[in-house]
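All residue numbers for the sequence shown refer to numbering that gives the first Met the number 0, where the first residue is 0 and numbers rise by one. This report concerns only the one structure given below.
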Amino acid sequence: MPNKFLLALACLFYPLPLSLAADDPSATAQTLVVAHRGLLKHSPENTLSNFRACLELRIGFEVDVRRSKDGHLVCVHDDTVDRTTNGRGAVSALTLDELKRLDAGVWFHEKFQGERIPTFDEVLAVIDQHGRDPVLIAIDLKASDIEADCVKAAKAKGVLGKLLFIGNTIDNHQVRRKLKETDASARVARLSQNLSLALGNKDLDWAYLRFVPTRDEVAQIHKAGKRVFIAGPTVVGIERANWQAAMFAGVDGILTDHPLELADDIRAGAKSVLSPATRANLEFDEIARRYIRDVPQWSPIGATTLGDHLYDHELDYIDEAMRKRERAFHESYLTKLKAIDRQQLSRDNQVDYQLLTQQLKGDLWRIDELQDWAWNPVLYTQLTGNAIYGLMARDFAPVETRLMNVAERLEKLPRFLAEVRETLDPKRVPPIHAETAIKQNRGVLSIIDNMVRPQMSKLSEANQRSLQRLIPRAAEAVEEHQQWLEKELLPNAKGNFRIGAKLFDAKLAYSLGSGLSRPDIRDRAEFELRRVRAEMYSIARGVMLKADPKRANEAPEKPSPEQQQAVITAALEKAYAEIPDRDGIVDFAKKSLEMTTEFVRKRDLVT
0 MPNKFLLALA CLFYPLPLSL AADDPSATAQ TLVVAHRGLL KHSPENTLSN
50 FRACLELRIG FEVDVRRSKD GHLVCVHDDT VDRTTNGRGA VSALTLDELK
100 RLDAGVWFHE KFQGERIPTF DEVLAVIDQH GRDPVLIAID LKASDIEADC
150 VKAAKAKGVL GKLLFIGNTI DNHQVRRKLK ETDASARVAR LSQNLSLALG
200 NKDLDWAYLR FVPTRDEVAQ IHKAGKRVFI AGPTVVGIER ANWQAAMFAG
250 VDGILTDHPL ELADDIRAGA KSVLSPATRA NLEFDEIARR YIRDVPQWSP
300 IGATTLGDHL YDHELDYIDE AMRKRERAFH ESYLTKLKAI DRQQLSRDNQ
350 VDYQLLTQQL KGDLWRIDEL QDWAWNPVLY TQLTGNAIYG LMARDFAPVE
400 TRLMNVAERL EKLPRFLAEV RETLDPKRVP PIHAETAIKQ NRGVLSIIDN
450 MVRPQMSKLS EANQRSLQRL IPRAAEAVEE HQQWLEKELL PNAKGNFRIG
500 AKLFDAKLAY SLGSGLSRPD IRDRAEFELR RVRAEMYSIA RGVMLKADPK
550 RANEAPEKPS PEQQQAVITA ALEKAYAEIP DRDGIVDFAK KSLEMTTEFV
600 RKRDLVT
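Spelled out as C-alpha cells, the structure:
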C-alpha cells in the first residue's frame, strides 16, 4: 500500500481528463504524463511503491525491463545492481532469488528500506489493479531477447493496451517484428530524430520523438495513423517552455523527471494555453523553431558550417527555380509573423520577432534587389571551397562518414559549376570580382589534396575506389570552370563594384538592423573614436608620468592632437617591448587565454 504521504498527495490530483480510449490518433485528448522511472524525486526508481504512487495519482510511468540469470523478467535500469541496491554485480549474472535478497530502497532513503527489485509480472499486477485509470506505461526494453515474453505476460494480465514498447532495442527490425508477431495490438515506438523518420516507420503505432514538434508535424503524424510520444527536451529539468510547446502542438504523451509539475501544467493548460498572450508566444516559438529547422535547406554548404549536418551530402542549387522557392519560403514566414499580435509577446520574443522579420526582409531584398547572385562570382568560389572544407575541418562525425559526404558533393560539383555559369551575367560582374574568382577557383583542389587524400586510407577499398574516381572528374569540372572564368567572364566583365548609394544604404540597414543613416553612423563612430582616444591618452599619460614625473609638460591634461598621439604612441611602444621570448610565446598565449576566459566568465559577458 502507498504510504500516507502519497495517498494525501493523490487526493490533491482530482481526476485528469486524459484518455487513450479513442483509436483515432487525431481524436482530441489531453497530453498523458509519463514519469521517467516513476516519481524519481519522491521514491526509489523502478520499485513497486513508486509505481503504485504514480497510478494513485493517475500518472503513467516508464519502467526498464531486463532478464535475470535464470530467465526471469526484472525491472532495473542499469545493467548492474550497483547504483540502485546494496549489492553488486550484473543483473544478467544474478538469479531472481539473489536479486530479491537485495534492498532496492535504502540507497534512496531509510524509510524505503526493504523495497525489492520487482519482477515484470509484479509491475503488471499493479497496473491491473488500476485498470480503469487512463494512463500510458512505457516499457523500455533493455535487452533484445525479452520482447515476446513481455508481450505475452502483459496480454495474460489484460494490460497490453496500456503499454508502449520503447528503447534502443526497438531499432532492431527483428525485435519490432517479434513484438508484432506475438500480438499485433502491441504498441511500439521507435526513436526518431526528425519528422521524416517518424513518418517513415510504417510498421509502428507511435512516433517517439527527441525534439519538440510543431502542430503541423504532429498533425502529419496523426494523419499517418500514429500517436506522438516525446522525450529528450522534456525530461531532465522543469522544462515548462518545452512542455507547453509540446502540449500546444498536440503530442499524446510526454516523458519527464518532474511528472507532478507537468501534470499541474496540463491541468492549467486548458486556460493558459488559450490565453491570448500564451497562444501568441507559443505560436511565435513554433514559427521560430520551424524557421531554424527549415532555413538550412537553402544552403547545404552553409548548414554544414552552422553545425546542421542533415544536408552534408547535398550541394547548393543556385538556379532560378531554387530562388523562386526560396523567395516563397521567406514570404510565407513573413505572412505567419504578421498573423501574430506582437503586443501579446514577451519582451524576449518581441526582440526575436523583430530580428526574424528583419532577417526575412533582408533575404528577400538580397534576392530581388541586390541580386549579388548574378554579379558576384566570389560567392560561388567560396561555396565550392567550403563544400569540402566544412566537412573535413572538424571531427563532428567519423571521418568515414565525412569522406562519403565529400564523395557525394564531388559528384554534384559539375552540376553546381554549370549552374554558376548559367547564373552569372558577365556584363554585370565587376572586373575585380572576376579576377578574384579566377585566383580562388582552384583552391578546392588544394583542399582535396591536403584534407581529403590523406584520410582516404580509412575508407573501405570499395569506397576508396569510388572516391578516387570522383576526384579527377571534379578536377576536370573545376578546370573547365577556370577556363570559362578566364576566357569568358573576365573579358566581358563590365560591372561596377560600387553598388551605389541606394543599394548601399539598404544593405547597411539590413546588416546593422538599424534605421540610422550614413551620416548618423559616421557621427557616432567619430564620437566613439574621440572618446576611446581620450581614454587611451588618460591611461598612457598615467603610465608616462609614473615612470618620469618630469615629463608632465609633454603630457598636459588638455593635449593638442599631436601631443595626444605622441603620448599614446610612447605607451604602445612600451607595451610592445614587454613581449615574451620566442620560446615562451605559446605558454604566454595560453596564460593570456586563461586570463581572458576568466575575465569573461566573471563578468558574464557571453550568454
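Ideal placement from N, C-alpha and C gives every residue a C-beta, glycine not left out.
Take the alpha-carbon of Arg-550 and the one of Leu-544: they are about 6 Å apart. The three-state secondary structure of Arg-66, taken from DSSP, is strand. In this structure the segment 436–452 does not lie against the segment 494–514, because fewer than three pairs of beta carbons, one per stretch, are closer than 8 Å.
Here Trp-205 carries a strand assignment [DSSP, helix/strand/coil]. The continuous alpha helix (DSSP H) containing Asp-347 extends over residues 346–364.
For the 8 Å CB-CB criterion, Phe-247 and Arg-214 form a contact. In the DSSP assignment, Ile-229 forms a beta bridge with Leu-208 and Ile-253. Between the segment 430–444 and the segment 335–344 there are fewer than three C-beta pairs closer than 8 Å, too few to call the two in contact. For Phe-496, the three-state secondary structure derived from DSSP is coil. Rounded to the nearest angstrom, the gap between the Cα atoms of Val-122 and Gln-173 is 26 Å.
Per DSSP, Ile-220 is one residue of the alpha helix (DSSP H) stretching across 214–222.
In the three-state scheme derived from DSSP, where H, G and I count as helix and E and B as strand, Val-531 is classed as helix. Counting the other Cβ atoms within 10 Å of the Cβ of Glu-114 gives 16 or more, which makes it buried. In summary, Ala-89 is exposed, with fewer than 16 beta-carbon neighbours lying within 10 Å of its beta-carbon over all protein chains present. Distance from the Cα of Val-235 is smallest, within the candidate group Lys-493, Ser-591 and Leu-254, for Leu-254.
In the DSSP assignment, Ile-165 falls within the beta strand (DSSP E) that extends over 162–165.
Between the C-alpha atoms of Met-403 and Pro-453 there is a straight-line separation of about 14 Å. For the segment 26–91, the full-length alpha helix (DSSP H) segments reaching 4 residues or more read 47–55 along the chain.
Annotation for Arg-326: Leu-363, Ile-366 and Asp-367 place their beta carbon closer than 8 Å to its own, counting only its chain and skipping 5 residues before and after. Around the CB of His-108, fewer than 16 other CB atoms lie within 10 Å, so the residue is classed as exposed. Scanning the segment 145–202 for uninterrupted alpha helix (DSSP H) segments of 4 residues or longer gives 146–156, 172–181 and 194–199, listed from N- to C-terminal end. When the five nearest sequence neighbours on each side are left out, the beta carbons in the same chain lying within less than 6 Å of the beta carbon of Thr-168 are those of Leu-140, Ser-143 and Val-174, in order along the chain. In this structure Tyr-207 is in contact with Ala-188, their Cβ atoms being roughly 4 Å apart against a cut-off of 8 Å.
Around the C-beta of Arg-602, fewer than 16 other C-beta atoms lie within 10 Å, and the residue is accordingly described as exposed. For Ala-137, the enclosing beta strand (DSSP E) covers residues 136–140. Of all alpha-carbon atoms in Gln-564, Ser-516, Ala-554 and Asp-547, the one lying nearest the alpha-carbon of Arg-532 is that of Gln-564.
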